[in-house]
Amino acid sequence: MQSETLMLSRVRVVLVSPSHPGNVGSCARAMKTMGLSELVLVAPRLENPHLLPEAVALASGATDVLAAARIVPDLTAALEGVVCAMATSSRERELAPALCDAEQGAKALMARLRAGPPQTKAALVFGCERTGLSNEDLLRCDRHVMIPANPQYSSLNLSQAVQLLAYEVRKAALADASPSLQVQPPVLADGDVSNPDVERLFEHFLKAMQAVDFLNPERPKRLIPRVRRMLQKAQLEREELDLMHGFLNDVQRVSQGRWYRAEWERLQQAIDAARQQFQAKE
Numbered sequence: 058m059q060s061e062t063l064m065l066s067r068v069r070v071v072l073v074s075p076s077h078p079g080n081v082g083s084c085a086r087a088m089k090t091m092g093l094s095e096l097v098l099v100a101p102r103l104e105n106p107h108l109l110p111e112a113v114a115l116a117s118g119a120t121d122v123l124a125a126a127r128i129v130p131d132l133t134a135a136l137e138g139v140v141c142a143m144a145t146s147s148r149e150r151e152l153a154p155a156l157c158d159a160e161q162g163a164k165a166l167m168a169r170l171r172a173g174p175p176q177t178k179a180a181l182v183f184g185c186e187r188t189g190l191s192n193e194d195l196l197r198c199d200r201h202v203m204i205p206a207n208p209q210y211s212s213l214n215l216s217q218a219v220q221l222l223a224y225e226v227r228k229a230a231l232a233d234a235s236p237s238l239q240v241q242p243p244v245l246a247d248g249d250v251s252n253p254d255v256e257r258l259f260e261h262f263l264k265a266m267q268a269v270d271f272l273n274p275e276r277p278k279r280l281i282p283r284v285r286r287m288l289q290k291a292q293l294e295r296e297e298l299d300l301m302h303g304f305l306n307d308v309q310r311v312s313q314g315r316w317y318r319a320e321w322e323r324l325q326q327a328i329d330a331a332r333q334q335f336q337a338k339e
């Protein structure tokens, strides 16, 4: 079994549009106490909030986590190389990934990392302090993690949520390989499919559905989020992903009236045969 230090180094904490530098610093502190070190900020409200004095002060010695933090423009960039992303939200959504609590989510996340190649990553995704994650960002993730807080006052500070999830991830990383302690995922092939790979397949699906008029982009109703959720739940292997891209390429090709040479030859043969039958009857 891989050491817990190595496993924890493969877990990325993603903060989407954080607005308070102090929260960023407190998150860094929460991460370091649990052995996590990779922090990614998605489109923060302030420029370089992790370098501001308030962030440094509240990091309380976790300045190495802040110094190594990356800023990216969107969630797609933040999830590059990620095979399993856990989204946190305090409220249930009608269209959302599979729901679980923090302990279940952490075990599933660590199980995916153990099953995949050593270069793969997992992510804990947190929304901005005021509004949380958007429905679209939530659907980009594999699991929806809810913390069973007091229903009369369920709002957690961002760094508190990071601390709770980081703690559960550390527990899961320290667990031994006993089947009674771990979620056993399907065996994954080498070259495990990452979150951005699934997003590219999702975009391909939308183009193919538009090509055959299955999707009206002006009136999509709930089709788009349902397709995204379906693909996230599928946990595709690389060969399955390539198969789907190949199929969708053919859907687009046929919808555009483009034929393979062999298809033209078969069509010509059928036309010739029909002509011969017609001439024979005359």
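Be aware that the sequence shown starts at 58, since it is given in the working numbering, and climbs by one per residue. Just so it is clear, CB atoms sit at the ideal spot from N, CA and C, and this is done for glycine as well. Small disclaimer: the values here were computed from a predicted structure and weren't measured.
- Around the beta carbon of Asn80, a 10 Å sphere encloses 16 or more other beta carbons of the protein chains shown; the residue is thus reported as buried.
- Only exposed fits Thr188, as fewer than 16 other CB atoms lie within 10 angstroms of its CB.
- Judged by beta-carbon spacing, Val139 lies beyond the 8 Å limit of Met88, meaning their Cβ atoms are not closer than that value.
- Lys178 is bridged by DSSP to Val139.
- Taking a cut-off of 8 Å for Cβ pairs, the stretch 150-165 and the stretch 252-270 do not touch, as fewer than three such pairs fall below it.
- Of all alpha-carbon atoms in Pro75, Arg332, Leu293, Phe259, the one lying nearest the alpha-carbon of Ile281 is that of Phe259.
- Separation of the CB atoms of Leu65 and Ala230 is rounded to 5 Å, and the pair is thereby assigned contact status at 8 Å.
- Put simply, the stretch 320-330 does not touch the stretch 290-309. Fewer than three CB pairs are less than 8 Å apart.
- When DSSP reads this structure, His201 sits in a beta bridge with Ala144, Leu156.
- Around the beta carbon of Ser60, fewer than 16 other beta carbons lie within 10 angstroms, which makes this residue exposed.
- About 20 Å separates the beta carbon of Val202 from that of Thr133, a gap too long to meet the 8 Å contact definition.
- Around the CB of Lys164, 16 or more other CB atoms lie within 10 Å, so the residue is classed as buried.
- Just measuring C-alpha positions, the residue of Leu98, Ser76, Glu294 sitting nearest Leu181 is Leu98.
- Secondary structure note for Val70: its beta strand (DSSP E) is the uninterrupted segment 68-73.
- In this structure, DSSP gives Val99 an extended state, which the three-state scheme calls strand.
- Following the DSSP letters along the chain, one finds Val129 inside the beta strand (DSSP E) bounded by residues 127-129.
- Nearest to Ala223 by alpha-carbon distance, out of Met167, Lys278, Thr177, is Met167.
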